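Notes to accompany the following structure.
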Amino acid sequence: MDNTYFLSSKRIGLRTLTRDDMPVYQGFLNNKDVTKYLEMGWRPYTEKDLEVTYQEANNASSALVFAVCDIKTNKLIGTAGLYFLHWPGRRAQYRILLGKPEIYGKGFGSEVTNLIIKHGFERLNLNTIYLGVNAENKGAIRSYEKCGFVHEGVQRAFIYNDGRYYDCVNMSILAND
Ligand SMILES: CC(C)(COP(=O)(O)OP(=O)(O)OC[C@H]1O[C@@H](n2cnc3c(N)ncnc32)[C@H](O)[C@@H]1OP(=O)(O)O)[C@@H](O)C(=O)NCCC(=O)NCCS
């Protein structure tokens, strides 16, 4: 049995994020087509930032972050995971970043999200998984809706990127959903 991946589906493998992944991840973050709806990308991502990201991803008590790989090539295509794990409240924040714009809109994001929310509810026994997304990031919102996230509300003019503010849509999915 191949143990490369901790979780996998038809096209996606999720494994631990390693230090060797970080230069590739840095390339994702320095691509404006990737960060266009995010608050990241306003300055170059440094070695120190990469170390902080790596440490954060591997702090088991507060986050569960995966390297997202294309199962055919075993190449890193992004990261995704659960952050701010709050054990008494049984909730966590979901974040995903696919670093290759040419694969957007082909269902990869939803495949990753489905794997992680299933793991979050079934293995971590979470009750709530929530997220915030730029209101103009229509592909992301659609992808979350397909996975069962519902709209909760809007934080007005909350996200700043490239000279203007964007509303932030808050979404969540509950274990009972
Ligand atoms: C957000 C992200 C993970 C989505 O992944 P993805 O693989 O593109 O998502 P999916 O293909 O599973 O779903 C996207 C859906 O939105 C649709 N879509 C794409 N662009 C759209 C648009 N402008 N308007 C409406 N729907 C759109 C797609 O057609 C697809 O729906 P369908 O399957 O019903 O046809 C990916 O785009 C990404 O990582 N972006 C960069 C980082 C980012 O923005 N992260 C989110 C932070 S909250």
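Counting from 15, one number per residue, gives the positions in the sequence shown under this note's numbering.
Beta carbons: idealized from backbone N, C-alpha and C, even for Gly.
Predicted, not measured: the structure shown is a model, and the values here were computed from it.
Own chain, CB closer than 8 Å to residue i, minus 5 neighbours either side, in chain order
i      : result
ILE131 : TYR108, ILE143, CYS161, GLY162, ILE187
GLU125 : SER23, LYS24, ARG25, ILE26
ASN151 : TYR51
GLY123 : ILE110, LEU112, GLY153, ALA154, SER157
GLY103 : ASN141, THR142
GLY119 : GLY153
Residue environment, residue i, which counts as buried when at least 16 other CB atoms sit within 10 Å
i      : result
GLY177 : exposed
VAL168 : exposed
ASP179 : Here residue 179 is Tyr; the residue named in the question, Asp, does not match the sequence. By the neighbour-count rule (16 or more Cβ atoms within 10 Å), TYR179 is not buried but exposed.
THR30  : exposed
PHE98  : exposed
ALA74  : exposed
ASP191 : exposed
ASP34  : exposed
ALA81  : buried
THR127 : buried
VAL164 : exposed
THR18  : exposed
THR93  : buried
Residues near residue i by beta carbon distance below 6 Å, same chain, minus five either side
i      : result
ASN45  : none
GLY134 : LEU96, LEU140, ILE143
Where residue i falls: helix, strand or coil (DSSP)
i      : result
LEU129 : helix
GLY123 : helix
GLY113 : coil
Residue i versus the options, residue with shortest Cα-Cα distance
i      : options                       : result
ALA189 : ARG105, ALA94, GLU53, MET54   : ARG105
ASN175 : VAL38, ASP47, PHE42           : ASP47
ARG137 : TRP101, GLU61, ARG156         : TRP101
THR67  : CYS83, LEU90, GLN40           : GLN40
ASN9   : GLU159, TYR158, LEU28, MET36  : What is shown of the chain runs 15 to 191, which leaves residue 9 out entirely.
GLU65  : GLY103, GLY121, MET36, GLU116 : MET36
VAL38  : GLY123, LYS62, ILE91          : ILE91
Cutoff 7 Å; reference residue i; Cβ partners in own chain excluding five residues on either side
i      : result
ALA77  : GLU70, ALA71, GLY95, LEU96, TYR97, LEU99
GLU166 : ASN184, MET185, SER186
LEU43  : THR49, MET54, GLY55, TYR59
ILE155 : VAL147, VAL183
ILE85  : SER22, ARG25, ILE26, GLY27
Can you list the beta strand (DSSP E) stretches of 3 or more residues lying completely in the segment 155 to 182, in chain order?
164 to 175
Could you give the uninterrupted runs of the alpha helix (DSSP H) lying entirely in the segment 31 to 110, keeping only those of 4 residues or more?
36 to 43, 46 to 49, 61 to 71
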